[in-house]
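Student: Taking our numbering, the leading residue of the sequence shown gets 73, the next gets one more, and so forth. In this text, a Cβ means the ideal position worked out from N, Cα and C, and glycines have one as well. Predicted, not measured: the structure shown is a model, and the values here were computed from it.
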Amino acid sequence: MLPITDAQIRASFINASVRERAALSLPADFAELDWDRRDFLGWRDRKLPNVAYVVAPIGGELVGVMLKRAEGRLRSRPQCSWCEDVHLPNDVLFFVARRAGAAGRKGGTVGTLVCADFQCSANARKRPSVAYLGFDVEAARDRRVEALREHVIGFIREIAEAPLEG
């Protein structure tokens with residue numbers, strides 16, 4: 073992912089009001105982020121712990137969505153829908169995002185299970201175990217990273233009012 077600015081992030085949201093965009097808190101480590109090892113930028117708001125944000129490049133454009141943590145408890149330890157890591161070193165939470173446009177104004181939402189602090193990019197890049205003799209570890213890692221990108225983009229596309237290119 074290419075480095076992005078505060079202004080680009082705030083302008084990218086498709087399901088947040090102008091007021092919500094202005095009030096969002098950037099990640100505490102925003103200035104030190106390693107953009108080369110990210111497929112998207114995801115974080116929870118420091119001021120509002122049940123609010124989170126995801127920003128990803130889609131078709132040459134930056135697209136952001138605002139999420140809210142769903143209330144209630146999960147009965148078992150779920151798997152992240154984005155990185156699909158079976159050896160999760162972190163918690164997974166259920167987040168809901170209001171759809172963009174008219175569907176969102178009518179109450180339409182989309183939900184997903186995702187790593188609590190959006191560690192998916194790091195999880196997808198972990199060295200997988202060797203499944204069999206001759207197993208290509210690097211190719212498996214590349215497939216996991218590509219699958220992560222597809223899952224994040226697919227989720228954002230579900231939220232968008234109009235189809236997103238790319």
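Can you round the beta-carbon distance between V168 and F227 to whole angstroms, since I take them to be within the 8 Å contact cut?
Tutor: Contact flag wrong, Cβ pair sits at about 11 Å.
Student: Quick check: the Cα distance between W115 and V202, rounded to an integer number of angstroms?
Tutor: 32 Å
Student: Is the stretch 211 to 225 touching the stretch 188 to 198 in the sense that three or more CB pairs, one from each, lie closer than 8 Å?
Tutor: yes
Student: Take the Cβ of A88 as the centre, count every other Cβ of all protein chains shown within 10 Å, and call the residue buried at 16 or more, exposed below.
Tutor: With 16 or more other Cβ atoms inside 10 Å of its own Cβ, A88 counts as buried.
Student: Alpha helix (DSSP H) containing L220: first to last residue?
Tutor: V209 to I231
Student: In whole angstroms, give me the CA-to-CA distance for M73 and R145.
Tutor: Rounded to whole angstroms, the separation of the alpha carbons of R145 and M73 is 33 Å.
Student: Count the other CB atoms within 10 Å of the CB of D111; is the residue buried (16 or more) or exposed (fewer)?
Tutor: buried
Student: Pick out whichever of E92, W107, L134 and P150 has its Cα sitting closest to the Cα of A124.
Tutor: E92
Student: Between K35 and S153, which are expected to be in contact by the criterion C-beta below 8 Å, what is the C-beta distance as a whole number of angstroms?
Tutor: Since the displayed the chain opens at 73 and closes at 238, residue 35 lies outside it and no answer follows.
Student: By the 10 Å Cβ neighbour count, where 16 or more other Cβ atoms means buried, how is G136 classified, buried or exposed?
Tutor: buried
Student: Expressed to the nearest angstrom, what Euclidean distance is found between the alpha-carbon atoms of A103 and T184?
Tutor: 28 Å
Student: To the nearest angstrom, how far is the alpha carbon of V126 from that of A212?
Tutor: 25 Å
Student: Looking at C-alpha atoms only, which residue of N122, P121 and P99 is the closest neighbour of L113?
Tutor: Cα-wise, what sits closest to L113 is P99.
Student: Quick check on L74 - is its C-beta less than 8 Å from some C-beta in chain B?
Tutor: Looking at the structure shown, chain B is missing, and only one protein chain is on hand.
Student: What is the rounded straight-line gap between the Cα of P150 and the Cα of L220?
Tutor: 17 Å
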